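Residue numbers (the working numbering): 0 to 192. Heads up, the beta-carbon is just placed ideally off N, CA and C, and yes, glycines get one too. None of the values given here were measured: they were computed from a predicted structure.
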Amino acid sequence: MKPRLPNEVDREDTPDPPVVDYLNRLRDDLLERLCWDVFGSLNDILIKDPENSLTSFIGASIASESLASPPLSNILVYIDVCEEKHNIDEHEEEDRYAALEPLIIDKEDGSPIFLHDFVSQVHSYLNANKEEIMQCEDELYMNPVDLGDGVKAAEVIPDDDDRDWADGSREDPELSHFLRSGNILEGSRVFFR
Numbered sequence: 000m001k002p003r004l005p006n007e008v009d010r011e012d013t014p015d016p017p018v019v020d021y022l023n024r025l026r027d028d029l030l031e032r033l034c035w036d037v038f039g040s041l042n043d044i045l046i047k048d049p050e051n052s053l054t055s056f057i058g059a060s061i062a063s064e065s066l067a068s069p070p071l072s073n074i075l076v077y078i079d080v081c082e083e084k085h086n087i088d089e090h091e092e093e094d095r096y097a098a099l100e101p102l103i104i105d106k107e108d109g110s111p112i113f114l115h116d117f118v119s120q121v122h123s124y125l126n127a128n129k130e131e132i133m134q135c136e137d138e139l140y141m142n143p144v145d146l147g148d149g150v151k152a153a154e155v156i157p158d159d160d161d162r163d164w165a166d167g168s169r170e171d172p173e174l175s176h177f178l179r180s181g182n183i184l185e186g187s188r189v190f191f192r
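As structure tokens, then:
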């Protein structure tokens, strides 16, 4: 049996914190109509009308509808791929990848969060964190490689220029939380789903 320090927490024995299920309250009937390149321009966001024609989101009546039913006046928005990277990172806690702080959308007056509030604030949040999001996506979607003993691992093949460091040690002098697979091409578009 492994000795435990008095302040050590066994995560397997710790129950998950209670989660309020807001997902069932979000209006999929609105969100599924968005055609939203999250790293594009706000002006380029489109919505599908009932006939499946695409029209501009800006100024559309759908933008002033409540995001949730019953309405919410505050919500936390996490970036799933960054949360996933944090959860699977096997470094010691002090070296572990720290996921981005969630976006807090809070209508302090208690009024509902409208679709335009959600889209504009989430759009800004995602664009401010684009590089980190793309790095997490790139790392988490590496192609697995069969190691021959039934174990699979992600293969990262750096460019020749990246293999030798200035000191000749062939080791990165800085701890990096990201492995780059190159699977996500420059200029790729990412759509909200």
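Task: Extent of the continuous beta strand (DSSP E) to which asparagine 73 belongs - done: On the sequence shown, position 74 is the one that residue 73 refers to. Where asparagine 73 is concerned, the enclosing beta strand (DSSP E) stretches over 73 to 76.
Task: For leucine 125 and alanine 98, the rounded distance between their alpha carbons - done: In the sequence shown, the residue the question calls residue 98 occupies position 99. In the sequence shown, the residue the question calls residue 125 occupies position 126. Their Cα atoms are separated by approximately 13 Å.
Open item on the list: Going by beta-carbon coordinates alone, are isoleucine 61 and cysteine 135 separated by less than 9 Å?
Closed with: Numbered from 1 along the sequence shown, position 62 holds the residue referred to as residue 61. Numbered from 1 along the sequence shown, position 136 holds the residue referred to as residue 135. No; because the gap between Cβ atoms is not below 9 Å, this pair is not in contact.
Open item on the list: Could you give the first and the last residue of the continuous beta strand (DSSP E) run that contains isoleucine 87?
Closed with: Here residue 87 refers to the residue found at position 88 when the sequence shown is read from its first residue. Premise fails: isoleucine 87 lies in the alpha helix (DSSP H), 79 to 87, not in any beta strand (DSSP E).
Open item on the list: When you compare the CB positions of leucine 71 and tyrosine 21, do they come within less than 9 Å of one another, or not?
Closed with: Here residue 71 corresponds to residue number 72 of the sequence shown, with the count starting at 1. Here residue 21 corresponds to residue number 22 of the sequence shown, with the count starting at 1. Yes, Cβ-Cβ distance for leucine 71 and tyrosine 21 is below 9 Å.
Task: Sequence-distant residues of the same chain with beta carbon closer than 6 Å to asparagine 73, five excluded per side - done: The sequence position of residue 73 within the sequence shown is 74, counting from 1. Here the set comprises Asp105.
- [ ] Write down every uninterrupted run of the beta strand (DSSP E) in the region 96 to 136 whose length is 3 residues or greater and which is fully enclosed by it, in chain order.
- [x] 102 to 105
Task: leucine 25 beta carbon less than 9 Å from that of leucine 202 - done: Lying before the first or after the last residue shown, residue 202 is absent from the chain, which here runs from 0 to 192.
Open item on the list: Helix, strand or coil, according to DSSP, for asparagine 42 in the structure here?
Closed with: For the purposes of this step, residue 42 is identified with residue 43 of the sequence shown, where counting begins at 1. Three-state DSSP puts asparagine 42 in a helix.
Open item on the list: Taking the straight line between their C-alpha atoms, what separation do you get for isoleucine 44 and valine 121?
Closed with: Locating residue 44 in the sequence shown gives position 45, counting from the first residue. Locating residue 121 in the sequence shown gives position 122, counting from the first residue. Using only the alpha carbons, I get a separation of about 13 Å.
TODO: Counting only the same chain and skipping the five closest in sequence on each side, list residues whose C-beta sits under 7 Å from that of aspartate 160.
DONE: In the sequence shown, residue 160 corresponds to position 161, counting from 1. Since pLDDT at aspartate 160 reaches only 46, below the 50 mark, its modelled position is unreliable, and no value is offered.
Task: proline 49 (DSSP reduced to helix, strand or coil) - done: Taking the sequence shown and counting its residues from 1, one reaches residue 49 at position 50. In this structure, proline 49 counts as coil in the three-state DSSP scheme.
Open item on the list: Please state the DSSP three-state secondary structure of serine 65.
Closed with: The residue labelled residue 65 in the question sits at position 66 within the sequence shown. Serine 65 falls in the strand class under three-state DSSP.
Open item on the list: Quick check on this structure: which residue in Leu33, Glu64, Gly58 has the alpha carbon closest to the alpha carbon of asparagine 51?
Closed with: On the sequence shown, position 52 is the one that residue 51 refers to. Checking every option, the nearest Cα to that of asparagine 51 belongs to Leu33.
- [ ] Using the Cα positions of asparagine 42 and serine 55, report the straight-line distance between them to the nearest angstrom.
- [x] If you number the sequence shown from 1, residue 42 lands on position 43. If you number the sequence shown from 1, residue 55 lands on position 56. Near 8 Å, if we compare the C-alpha coordinates of serine 55 and asparagine 42.
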